[in-house]
Amino acid sequence: MKTLPSLRSALRSSALALVLAAGLAPSAGAGEAVAVAASIKPVHSLVAAVMDGVGAPGIIVDGAASPHTYALKPSTARVLEKAELIFWVGPRLETFLVKPLETLGAGARSIELGEAHDLTLLPVRAGGAFERHSHDDEDDDGDEHGHREAAQPHDTHAHGEAAKDHDGHAHADQESRDHGGHDHDGMDSHIWLDPMNAKAMVHEIEEALSEADPANAERYKANAEAVEARLDALTAEIAAELAPVKDRSFVVFHDAYQYFEARFGLAAAGSITVSPEVMPGAERVADLRAKIKDLKVACVFSEPQFQPKLVSVLVEGTQARAGVLDPLGADLADGPELYFDLIRGLAASVKDCLSGS
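Taking mature numbering (1 follows the signal peptide of the UniProt record, and there is no 0), I'd label the letters of the sequence shown as residues -30 to -1, 1 to 327.
Written as structure tokens, this is what we have:
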């Protein structure tokens, strides 16, 4: 958590007015709701679920916008300016937030959910099974050891008994050996696509809200426990749904889905691009088309945040079908249910395309 400069004293009363205008009443006997902002729709959904019945968080990257290409607008800058708590994944994903979070108002805090306790972290890949070369600061074998790292949470001072998962090593020592202190620059930032990571994020959200707004702490805790139970049930539900198509290979638009793949045992063959800021050239497209044929890829997925034309070119004349995966919930209504709808939507898209339905 980072301490940001002070906010105007009127913010608490204006935040309460917004809550009441939205028809959400504070808990009985509780104080005014804390003013909260969340970076992307999945994070906003989890925060909204924990705040249910107390207040409603603001959102920064809404609609079909992507955090990879987002530029801060005056309207979203105002959301940041008013917030006392700002939840985001971290600087690798929401690069556009780094400078604003260093300069905004006094007494506010940013909560980097990429540092939450008990997360399963995976290293950035250089293109799935298609390439084995280095990417940024990764070792050449980064793809090969990715799933071994996924076996354990990254944070050894985790809550309760989870602290024992790393053979008793202290968090600071382990982090400095594995990631250079508290630096996770080599880690994939799409952490929310594993529902068990979402569960860890919910715990972090509840702790931050309860600390900032102790009058409503009891409600936050009850909400968080309910969401965590639903996430457990969701994980079991999706695992059963995807079991019949686990062995069928597919290619994604950009490499955002390895947490989803790892959690549910899916067989991704690779990605069109490692990052949506870097589009493949003609030679790369020809190489991808050849490998889609050679690997008998069943489906190539585009995303609603980016033009699907490239996917159409890749699947033309091959056995592969075209599908759409949405890692952010572009067309989903903001709110507590978005996260659950998002994960179910991903599962349905994968199953439908891989099964040919």
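Idealized CB from N, CA, C, for every residue including glycine. This one's a predicted model, so the numbers in the text were calculated from it and none came from an experiment.
What would DSSP say about residue i, mapped onto helix, strand or coil?
i, result
"residue 189", "helix"
"residue 82", "strand"
"residue 276", "coil"
"residue 238", "strand"
"residue 171", "helix"
"residue 252", "helix"
"residue 315", "helix"
"residue 270", "strand"
"residue 291", "strand"
"residue 243", "strand"
"residue 36", "coil"
"residue 222", "strand"
"residue 61", "coil"
"residue 306", "coil"
"residue 7", "strand"
"residue 41", "coil"
"residue 297", "coil"
"residue 70", "helix"
"residue 93", "strand"
"residue 76", "strand"
"residue 24", "coil"
"residue 55", "strand"
"residue 135", "The predicted model places residue 135 with a pLDDT of 39, which falls under 50 and marks its position as unreliable; any figure quoted below should be read in that light. If DSSP states are grouped into helix, strand and coil, residue 135 belongs with the helices."
Looking at residue i: is its Cβ nearer than 7 Å to the Cβ of residue j?
i, j, result
"residue 194", "residue 20", "yes"
"residue 36", "residue 228", "no"
"residue 46", "residue 56", "no"
"residue 208", "residue 317", "yes"
"residue 241", "residue 217", "no"
"residue 12", "residue 309", "yes"
"residue 170", "residue 162", "no"
"residue 284", "residue 259", "yes"
"residue 191", "residue 176", "yes"
"residue 51", "residue 4", "no"
"residue 189", "residue 23", "yes"
"residue 38", "residue 27", "no"
"residue 64", "residue 9", "yes"
"residue 49", "residue 86", "no"
"residue 215", "residue 302", "no"
"residue 271", "residue 222", "yes"
Relative to the alpha-carbon of residue i, which residue among the options has its alpha-carbon at the smallest distance?
i, options, result
"residue 292", "322, 311, 303", "322"
"residue 273", "320, 161, 305, 52", "320"
"residue 157", "210, 222, 62, 249", "62"
"residue 307", "3, 5, 18", "18"
"residue 94", "159, 68, 304, 42", "159"
"residue 34", "325, 324, 326, 295", "295"
"residue 89", "324, 233, 262, 297", "233"
"residue 201", "311, 215, 235", "311"
"residue 41", "66, 48, 80", "66"
"residue 326", "220, 298, 256", "220"
"residue 172", "302, 206, 199", "199"
"residue 84", "278, 211, 43, 174", "174"
"residue 2", "257, 297, 184, 16", "184"
"residue 278", "249, 257, 253", "249"
Identify, in the order they occur along the chain, each residue of the same chain with its Cβ nearer than 6 Å to the Cβ of residue i, setting aside the five sequence neighbours on each side.
i, result
"residue 231", "238"
"residue 82", "60"
"residue 262", "288, 290"
"residue 235", "216"
"residue 305", "18"
In its own chain, which residues sit with a C-beta less than 7 Å from the C-beta of residue i, not counting the 5 before and 5 after it?
i, result
"residue 313", "165, 204, 208"
"residue 300", "33, 34, 274, 275"
"residue 211", "317, 321"
"residue 315", "296"
With a threshold of 8 Å on Cβ separation, who are the neighbours of residue i within its own chain once the five nearest residues in sequence on each side are excluded?
i, result
"residue 282", "292"
"residue 255", "280, 283, 284"
"residue 178", "-30, 55, 57, 79, 81"
"residue 68", "61"
"residue 252", "none"
Per the contact definition of three or more C-beta pairs closer than 8 Å, is the segment 287 to 301 in contact with the segment 263 to 271? A contact exists between the segment 263 to 271 and the segment 287 to 301.
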